[in-house]
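Residue numbers (the numbering used here), protein chains in the order written: chain A, 111 to 360; chain B, 111 to 360.
Have a look at this one:
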């Protein structure tokens, strides 16, 4: 089976309270990409968070002494931004050389708790990760179903760095309508030996593929993946998060 | 721009000494996927290593006392396999709960130095990573150019686990014909603020996308990515490897 990945242009600037699913549906139609059953709609976290009002005006933030101390250790962070990061943090995984790698409430491990200063509404505003990205993905899928009468899976993504490797890649934060993991265990290799370690993180791979056509800076915050066969399932990106107990790097 | 990802079926079982580039070219032709200029051919490491004779017969391996000790700490590893892993290892990054995460000679950080027991030639054989995956990628690209008179980029991939996240994803081990990193620094976001941290690991994202259609167990060890625009460049997957100095997790 082959699949294709299409950027979704013409998504307007998103503001708190916007019906993102409806706006994406319109943009898909304009791009001759009207949703089809089995499509996977990939949406970057930034527009989801904006629509959901997950933005903080830094003028309303008073940094704590700890936030000031952390900011002083880094070269480029506003203490108010550090305060916002800490409010989103359940645990600091690594604090070193100006970087702050943390675990967020829902369990994502990423730099700065995903708090983002670019592409926000203005210079004094930062964007948080969605509170529940699976719920966000489900809401978008439901809006598509109502408007276009089609069943699509939805993946909400963010762009993260990785240990050991340079460059950023998109990862799945929220998943609706498909299994995030594709479990091939029990199948046999070419010699008839059972595959032991073959659980593919298909939602992360789909997020990475979509990231190749999404350009947040150029106003392309979404992509459609068409032709990738998957089984319908509820979703739940938490399955992609390794529990602390089995993680060698926390 | 949209792109498509196509599995390459009908690649025969590969043996040491096989001309992999030629065999892939034949398989592409059979699949009506004759290479076009600008295609990206993604090939899994396993067939590259087999063609290059990067296989070890375990009957020729005598485990050292250290290898025996490590094997005793794990539940499922043959001491001879551990010996082979250690021979490919320049540094142990983490040795915990039966897992062995190491840095290989070329600088990849991965489990078991990429030494693989599945899909090998027989039960007594394991497969190593290619000695120089960039060179392997260049050889395949050169073979395609000679046979099909087309310029393609080639990415040699392997399937790795990741810290913090469940499931496996394909990564780029070797790159020929394109930049592994796409550097967008200096471009502006929607508000005119300069993007600071926007270097995309495009070769890793392309590897992940191709991994969605490659099924090593089902004899699909390669994929063609068509329509993804990139600038021709020499390549070099070492650019994807964070140097130890800047890595928080080594």
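Positions of the beta carbon are idealized from the N, C-alpha and C atoms, including for glycine.
Range of the contiguous beta strand (DSSP E) that encloses residue i
i: residue 276 of chain B; result: 275 to 288
i: residue 151 of chain A; result: 150 to 154
i: residue 141 of chain B; result: Where residue 141 of chain B is concerned, there is no enclosing beta strand (DSSP E), given that its DSSP letter is neither H nor E.
i: residue 115 of chain B; result: 113 to 117
i: residue 346 of chain B; result: Residue 346 of chain B -> no beta strand (DSSP E), and no H or E assigned at all.
i: residue 335 of chain A; result: 332 to 336
i: residue 120 of chain A; result: Note, residue 120 of chain A: premise wrong, no beta strand (DSSP E); not H, not E.
i: residue 166 of chain B; result: 165 to 167
Interface residues of chain A facing residue i [CB-CB closer than 9 Å]
i: residue 117 of chain B; result: 111, 112
i: residue 204 of chain B; result: 358, 359
i: residue 291 of chain B; result: 276, 277
i: residue 207 of chain B; result: 356, 358
Beta-carbon spacing of residue i, residue j below 8 Å
i: residue 350 of chain A; j: residue 311 of chain A; result: yes
i: residue 235 of chain A; j: residue 309 of chain A; result: no
i: residue 367 of chain A; j: residue 154 of chain A; result: In this structure chain A extends from 111 to 360, so residue 367 of chain A is not present and cannot be described.
i: residue 339 of chain A; j: residue 290 of chain A; result: no
i: residue 358 of chain A; j: residue 207 of chain B; result: yes
i: residue 239 of chain B; j: residue 294 of chain B; result: no
i: residue 285 of chain A; j: residue 242 of chain A; result: no
i: residue 266 of chain A; j: residue 274 of chain B; result: no
i: residue 111 of chain A; j: residue 337 of chain A; result: yes
i: residue 177 of chain A; j: residue 199 of chain A; result: no
i: residue 152 of chain A; j: residue 360 of chain A; result: no
i: residue 258 of chain B; j: residue 122 of chain B; result: no
i: residue 131 of chain A; j: residue 249 of chain A; result: yes
i: residue 318 of chain A; j: residue 318 of chain B; result: yes
i: residue 171 of chain B; j: residue 113 of chain A; result: no
i: residue 321 of chain A; j: residue 320 of chain B; result: no
i: residue 188 of chain B; j: residue 168 of chain B; result: yes
Closest residue to residue i among the options (Cα-Cα distance)
i: residue 133 of chain B; options: B:158, B:111, B:147, B:112; result: B:158
i: residue 263 of chain B; options: B:318, B:196, B:335, B:281; result: B:335
i: residue 287 of chain A; options: A:144, A:150, A:142, A:121; result: A:150
i: residue 164 of chain A; options: A:194, A:211, A:140; result: A:194
i: residue 342 of chain B; options: B:275, B:279, B:261; result: B:261
i: residue 345 of chain B; options: B:322, B:296, B:327, B:247; result: B:247
i: residue 181 of chain A; options: A:209, A:318, A:197; result: A:209
i: residue 332 of chain A; options: A:120, A:113, A:111; result: A:120
i: residue 298 of chain A; options: B:201, B:227, B:198; result: B:227
i: residue 292 of chain B; options: A:323, A:313, A:314; result: A:323
i: residue 213 of chain B; options: B:270, B:179, B:190, B:176; result: B:270
i: residue 124 of chain B; options: B:337, B:329, B:356; result: B:329
i: residue 296 of chain A; options: B:327, B:217, B:319; result: B:327
i: residue 356 of chain A; options: B:205, B:316, B:162, B:127; result: B:205
i: residue 127 of chain A; options: A:160, A:152, A:145, A:148; result: A:160
i: residue 156 of chain B; options: B:175, B:189, B:188, B:280; result: B:280
i: residue 142 of chain B; options: B:117, B:249, B:175; result: B:117
i: residue 225 of chain B; options: B:321, B:137, B:190; result: B:190
i: residue 237 of chain B; options: B:313, B:192, B:140; result: B:192
i: residue 201 of chain A; options: A:183, A:169, A:221; result: A:221
i: residue 268 of chain B; options: B:251, B:233, B:255, B:325; result: B:325
Closer than 7 Å at the beta carbon, the chain B residues around residue i
i: residue 311 of chain A; result: 275, 276, 277, 278, 279
i: residue 219 of chain A; result: 274
Opening and closing residue of the alpha helix (DSSP H) in which residue i lies
i: residue 314 of chain A; result: 312 to 321
Chain A contact residues for residue i, given Cβ-Cβ distances below 8 Å
i: residue 357 of chain B; result: 273, 274
i: residue 351 of chain B; result: 274, 275, 276
i: residue 211 of chain B; result: 358
Chain B contact residues for residue i, given Cβ-Cβ distances below 8 Å
i: residue 321 of chain A; result: 310, 315
i: residue 318 of chain A; result: 279, 314, 315, 318, 319
Residues that residue i contacts on chain A, provided the C-beta gap is smaller than 7 Å
i: residue 297 of chain B; result: 327
i: residue 181 of chain B; result: Ordered by position in chain A, no residue passes the 7 Å Cβ test against residue 181 of chain B, which lies about 16 Å from the chain.
Exercise for the section: With a floor of 4 residues, list each alpha helix (DSSP H) that falls wholly inside the stretch 183 to 271 of chain A, ordered by position along the chain. Expected result: 189 to 197, 243 to 258
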